[in-house]
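Going letter by letter, the sequence shown gives residues 262 to 493 in our numbering.
Using N, Cα and C, we set each Cβ at its ideal position, and we do this for glycine too.
Following: one structure in structure tokens, then a few remarks.
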Amino acid sequence: MEQGTEDVPVIYLHEIKRQYMQGDAPLVILDGVKLALWAGQSVALVAPSGSGKSTLLHIAGLLESPNEGEVYVAGAPTSQLSDMERTQIRRTEIGFVYQSHRLLPEFSALENVMLPQMIRGLKRSETIKRSTEILSYLGLSDRVKHRPAELSGGEQQRVALARAVANAPRALLADEPTGNLDPNTADHVFQALMQLVKATRVAMLIATHNMDLAGRMDRRVSLVDGKVVELE
Ligand code: ADP
Ligand code: MG
């Protein structure tokens, strides 16, 4: 397992429990999840539909709170933080990629990547420079002025990746990021993801159904009866 020199996980899920009420009965989705995500390591989360992958990613990304358990980011517990403090951590430490790109249709690729940096308070000139660099790193130098509708599916997803890493997060969480793409394009986007892990030492968790892609990542886990189990 590649853990680098950092001895604290970027994200650590401790005894996470998440249930939804279905009528009067609780529907337990996560039942004591333990998972450590390390800098520079890519982890595939491979589990059937409905098993709780998205729920786990949302909790790890501080988008949703667990009923029980604790989410540690860089060693610090997050459950007692205010909404504003959680939002702040999400903006600076965590990048999220979804199955559909969720780019803003009225804005260019460049502007979509600039936005999270502007929200964080970086100078406009600085955000243009950084965004241009990230987009060209992902092979999109001649697409910066394009709006999402003028891009292919693979290009849209690579812009979404660029946006997710624009603030140099410590963790990148991706929820079936290649699920809408044909195999060739999926491979291209996947290579971009792996390139980012190596270049930035981000901790990466990718929910995927694609066993071929999962096999090329550093580590594979699944969800069984609401718990994380290591595969192989
Ligand atoms: P996956 O991403 O693995 O397909 P999800 O995490 O989306 O699984 O969902 C796990 C289970 O939790 C599903 O059975 C789903 O119907 C249920 N679920 C998810 N979100 C909610 C919610 N907000 N309210 C009630 N049930 C939910
Ligand atoms: Mg899902």
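Can you determine whether any heavy atom of the ligand ADP sits closer than 7 Å to the C-beta of Y359, and answer yes or no? Here residue 359 is taken as the residue at index 98 of the sequence shown, counted from 1. False, no ligand heavy atom lies under 7 Å from that Cβ.
Taking one C-beta from the stretch 396-405 and one from the stretch 343-354 each time, how about it: are there three or more such pairs within less than 8 Å? Contact check between the stretch 396-405 and the stretch 343-354: fewer than three CB pairs, one atom from each, fall below 8 Å, which does not count as touching.
Going by C-alpha to C-alpha distance, which of G322, R391 and V358 sits closest to N441? Numbered from 1 along the sequence shown, position 180 holds the residue referred to as residue 441. The residue with the shortest Cα to Cα distance from N441 is V358.
Assuming the contact rule is C-beta atoms closer than 8 Å, L323 and I355 should be a hit. Round their C-beta distance to whole Å, please. Residue mapping note: residue 323 aligns to position 62 of the sequence shown, counting from 1. Residue mapping note: residue 355 aligns to position 94 of the sequence shown, counting from 1. With a Cβ gap of about 7 Å, L323 and I355 count as contacting.
Does the distance from the CB of R391 to the CB of A427 come in under 8 Å? The residue labelled residue 391 in the question sits at position 130 within the sequence shown. The residue labelled residue 427 in the question sits at position 166 within the sequence shown. The beta carbons of R391 and A427 sit closer together than 8 Å.
I'd like the list of long-range same chain contacts for R480, defined as Cβ closer than 8 Å, with 5 residues on each side in sequence excluded. Residue numbering aside, residue 480 sits at position 219 when the sequence shown is read from its first letter. Closer than 8 Å at Cβ, skipping near neighbours: M262, Q302, S303, V304, A305 and E491.
Answer yes or no: do R431 and V271 have a C-beta to C-beta separation smaller than 8 Å? Looking up residue 431 in the sequence shown gives position 170. Looking up residue 271 in the sequence shown gives position 10. Yes, they are a contact pair.
Determine the burial state of S315: buried for a count of at least 16 other Cβ atoms within 10 Å of its Cβ, exposed for fewer. In the sequence shown, residue 315 corresponds to position 54, counting from 1. It is buried - the Cβ of S315 has at least 16 other Cβ atoms within 10 Å.
Top-ranked residue by Cα proximity to L396, from E416, R385 and L365: Within the sequence shown, numbered from 1, the residue matching residue 396 stands at position 135. Of E416, R385 and L365, the residue nearest in Cα terms is E416.
Beta-carbon proximity check, L457 vs A321, cutoff 8 Å: By 1-based counting over the sequence shown, the position of residue 457 is 196. By 1-based counting over the sequence shown, the position of residue 321 is 60. Not closer than 8 Å, so no.
Length at least 4, wholly inside the stretch 284-339: the alpha helix (DSSP H) runs in chain order: Taken in chain order, the complete alpha helix (DSSP H) segments of 4 residues or longer contained in the stretch 284-339 are 314-321.
CB V374 to CB Q418, shorter than 8 Å? On the sequence shown, position 113 is the one that residue 374 refers to. On the sequence shown, position 157 is the one that residue 418 refers to. No, these two residues do not count as a Cβ contact at 8 Å.
In three-state terms, what does DSSP make of F368? Residue 368 sits at position 107 when you count from the first residue of the sequence shown. Secondary structure at F368: coil, using DSSP grouped into helix, strand and coil.
Between the CA atoms of Y273 and V334 - distance to the nearest angstrom: Stepping through the sequence shown from its first residue, residue 334 is reached at position 73. Stepping through the sequence shown from its first residue, residue 273 is reached at position 12. Rounded to the nearest angstrom, the two C-alpha atoms are 7 Å apart.
Ignoring anything shorter than 3 residues or poking outside the stretch 394-467, list the beta strand (DSSP E) runs there in chain order. The qualifying runs are 432-436.
Under three-state DSSP, which class holds G356? Mapped onto the sequence shown, residue 356 falls at position 95. In the structure shown, G356 sits in a strand (DSSP, three-state: E or B).
Does the beta-carbon of S315, which I'm using as the reference point, lie nearer than 7 Å to any heavy atom of the ligand MG? Working through the sequence shown from its first residue, we reach residue 315 at position 54. Yes, the Cβ of S315 comes within 7 Å of a heavy atom of the ligand MG.
Cβ-heavy atom distance between A308 and the ligand ADP below 7 Å? In the sequence shown, the residue the question calls residue 308 occupies position 47. A308 Cβ: within cutoff of the ligand ADP.
Euclidean distance between Cα positions of L383 and E372: Stepping through the sequence shown from its first residue, residue 383 is reached at position 122. Stepping through the sequence shown from its first residue, residue 372 is reached at position 111. Their Cα atoms are separated by approximately 13 Å.
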